[in-house]
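Here the numbering used here is used: the first residue of the sequence shown is 77, the next is one more, and so on. All C-beta atoms, glycine included, are put in the ideal place defined by N, C-alpha and C. Keep in mind that this is a model prediction, so the values were computed, not measured. Only one structure is covered here, and it is reproduced in the block below.
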Amino acid sequence: MNKPNSRGLLVFSAPLILAALFEPLSGVVDTALVGQKQTHWLAALGLAATLLSTFTWMFNFLIHASTQSIASAGGRTEGADSNLSLVKTSLLMTCVVASVTAVLLYFFKSPLYSFVGVAPDLSPVVDEYFLVRLAGHPIILLSLTTLSILRGLKKVKQTLVLVILGTVLNGVLSFCALNFFDLGLSSVAMATVFSHGIVFVIGMNLVLLTLKKSWIELFKVKASEVKSFAQKSWHLFGRSLILSSCFFLATKFASVHGVTTLAAHQIALQIWLLSSFITDGLAQGATILLSYEQARGKSVEYLRQLVWQSLGIALSIGVIFALILGAGESWWSALFTTDQEVLSILKMVWPVLVWTQIYLAMTYVMDGVLMGLGQFRSMKWIMLSGTLVGFLPLGRLSLAPENYIYLWMGFALLGLWRLLVGGVWVQRYFRLLKLSSIG
Numbered sequence: 077m078n079k080p081n082s083r084g085l086l087v088f089s090a091p092l093i094l095a096a097l098f099e100p101l102s103g104v105v106d107t108a109l110v111g112q113k114q115t116h117w118l119a120a121l122g123l124a125a126t127l128l129s130t131f132t133w134m135f136n137f138l139i140h141a142s143t144q145s146i147a148s149a150g151g152r153t154e155g156a157d158s159n160l161s162l163v164k165t166s167l168l169m170t171c172v173v174a175s176v177t178a179v180l181l182y183f184f185k186s187p188l189y190s191f192v193g194v195a196p197d198l199s200p201v202v203d204e205y206f207l208v209r210l211a212g213h214p215i216i217l218l219s220l221t222t223l224s225i226l227r228g229l230k231k232v233k234q235t236l237v238l239v240i241l242g243t244v245l246n247g248v249l250s251f252c253a254l255n256f257f258d259l260g261l262s263s264v265a266m267a268t269v270f271s272h273g274i275v276f277v278i279g280m281n282l283v284l285l286t287l288k289k290s291w292i293e294l295f296k297v298k299a300s301e302v303k304s305f306a307q308k309s310w311h312l313f314g315r316s317l318i319l320s321s322c323f324f325l326a327t328k329f330a331s332v333h334g335v336t337t338l339a340a341h342q343i344a345l346q347i348w349l350l351s352s353f354i355t356d357g358l359a360q361g362a363t364i365l366l367s368y369e370q371a372r373g374k375s376v377e378y379l380r381q382l383v384w385q386s387l388g389i390a391l392s393i394g395v396i397f398a399l400i401l402g403a404g405e406s407w408w409s410a411l412f413t414t415d416q417e418v419l420s421i422l423k424m425v426w427p428v429l430v431w432t433q434i435y436l437a438m439t440y441v442m443d444g445v446l447m448g449l450g451q452f453r454s455m456k457w458i459m460l461s462g463t464l465v466g467f468l469p470l471g472r473l474s475l476a477p478e479n480y481i482y483l484w485m486g487f488a489l490l491g492l493w494r495l496l497v498g499g500v501w502v503q504r505y506f507r508l509l510k511l512s513s514i515g
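In C-alpha cells:
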C-alpha cells in the first residue's frame, strides 16, 4: 500500500480509543461514588489521588517507551526473543521505579501533605486512601506497563477487554464496599489495587502466550538491555516530570481557595482528563503505526499523510466531545455532586473545559506522533517552554481571591503551545528525513 488509509487507521485505533475511554472511568466512578457520600471525602480523595497520580504520570515513560520500542522491533521483524528482552527490561524498571517511589512517598508523606494544602483535620481521611494505594503502587504500575506491552505487540482488542474488565471490577467493588458494607474511603483504594492486580496477571499471561515464552524466562535480564531502554526513556521522564508537576501545582493552587474549590477542582480535572484519555487511544494508535511503518522503511510522504490523518480524526473527536460537554453541563455536574457551592464553581470553569476540547484532542495526538517518530527529546523542551510561558504565569494569578478561573486558562494555554510547537518540530523532522533520504 503506497498511501495510508484513514479508515484503516481508525479501525486499528478504535479498540485503543475505547480502552482509553474506560481507563479513566475508574477514577471518575470513584469520584462520583465518594462525592455522593460527602464533600469532605471528595476533597480528601482529590488530594490523595493527585499525589499518587503525579508520581505515576512522572514515570509513564515506562509505558510509552515500552509501546514504541516493541512496535518498532515488530516493524524490523526482530522476533519473539527481541520482544522478550524489551518486556523483561520494561517490567524490571517498573518494579524498581514503583518500589523506590512508594518508599519515598511514605517517608516524605508529611511535607507533601503540607505542600498540597492538606489541613490537619483532613489528614487522617487522606491517609485512609493514600496509604492503601501506596502499598499497591507497584501492582498498579506493573498493570499499566503490561497493557502498554500488549499495545506494542498490536494486541489492541485484548487490551480493550482487559481495561473493561479492570474498570468494571473496580466500580463494582467500590460500590459494594461503600454502599453495602460501609467500609470507608480505604475500601475504594483496595478495589483499585485489586482490579489492577487481576489485569496484570491476565495481561502478562497473554504476553507470554503471544511470544511463546514462560514466566521463568522473565527473570533473566541483561545489563545492556536496561541501559539501552533507560537512554531512550530519559527525555520522556523529563516531559512526564514537568507535566506531573503542573497537575501537582494545580492542586496546590486550588487548595488555597478552600475545601469547596478543591472538591470542584477534582471534578473538573476528572472530566478534563476523561477527554484526554479518550483521545490518547488515537495517539497510541499513531505511535504504534508510525513506529512500525518507519522501521519498515516507509517514505516521508507516507508518514506525513499518516500524521495528518491522525490529526484530522482527533479534530473530529474534539468537536464531538466539546458538543457533548456543552449540551450536558447540568448532567455532568450532577453526576458528581449536589453541593450548590461546588456546582457554582464548576459553572464558572465549564466554558474553558468545553471549548479547549477542540484543539486539545489534536495536542494529545501530537504527543503520540512525536513518540512514534522517536522525537522524545523534543517533548521535554516543548513541555518545559509551554509551562514557563503559559501555565506558571496564569497559575500564579489564580492564587488571588476570585481568580481560580486563571488556573484553567493556564492549562488551556499550555495545551495550545504544545500543539503548535509540536507541529513545527514534526515538520522540521520530516524535512531533515527527506534530505537524508535524498543524500
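DSSP three-state label for residue i, please.
i, result
"Leu-508", "helix"
"Met-77", "Note that Met-77 scores a pLDDT of 47, beneath 50, so its modelled location is shaky and nothing firm can be said."
"Gly-242", "helix"
"Ser-420", "helix"
"Lys-231", "coil"
"Ser-516", "Examination of residue 516 is not possible in this model, given that the chain is present from 77 through 515 alone."
"Gln-112", "coil"
"Asp-106", "helix"
"Leu-496", "helix"
"Met-480", "For clarity, residue 480 is Tyr in the given sequence; the question names Met instead. Tyr-480: coil per DSSP, three-state reduction."
"Phe-88", "helix"
"Ser-250", "helix"
"Ser-321", "helix"
"Ser-290", "coil"
"Ile-93", "helix"
"Phe-257", "coil"
"Val-208", "helix"
"Trp-501", "helix"
Does the beta-carbon distance from residue i to residue j come in below 8 Å?
i, j, result
"Ile-481", "Met-424", "yes"
"Leu-338", "Gly-122", "yes"
"Gly-471", "Phe-329", "yes"
"Thr-268", "Ser-102", "yes"
"Leu-509", "Val-376", "yes"
"Ala-362", "Val-277", "no"
"Leu-449", "Tyr-378", "no"
"Met-438", "Leu-495", "yes"
"Leu-429", "Leu-411", "no"
"Tyr-182", "Ala-124", "no"
"Ala-265", "Pro-214", "no"
"Leu-223", "Gly-273", "no"
"Ala-119", "Leu-198", "yes"
"Thr-413", "Gly-111", "yes"
"Ile-93", "Gly-357", "yes"
"Val-283", "Gly-242", "no"
"Leu-226", "Thr-170", "no"
"Gly-394", "Leu-436", "yes"
"Asp-443", "Ala-359", "yes"
"Ile-347", "Ala-398", "no"
"Leu-460", "Ile-318", "yes"
"Thr-286", "Leu-229", "yes"
"Leu-249", "Ser-271", "yes"
"Ile-458", "Val-497", "yes"
"Val-176", "Tyr-189", "no"
"Ser-85", "Ser-386", "With the sequence shown as reference, residue 85 is identified as Leu, and Ser is not the correct amino acid for it. A contact, by the Cβ cut-off of 8 Å."
"Phe-88", "Val-232", "yes"
"Ala-390", "Thr-355", "yes"
Mind checking which residues open and close the alpha helix (DSSP H) that includes residue i?
i, result
"Lys-456", "452 to 462"
"Leu-282", "261 to 287"
"Gln-433", "433 to 448"
"Ile-215", "213 to 228"
"Pro-469", "468 to 473"
So within the region 157 to 205, which uninterrupted alpha helix (DSSP H) runs reach at least 4 residues, ignoring any that extend past its ends?
Fully enclosed alpha helix (DSSP H) runs of 4 or longer: 185 to 192.
I'd like the ranges of any alpha helix (DSSP H) spanning at least 4 consecutive residues and lying wholly in the region 333 to 418.
335 to 371, 376 to 403 and 405 to 412
Are at least three pairs of beta-carbons, each pair with one atom in the region 349 to 358 and one in the region 476 to 490, less than 8 Å apart?
no
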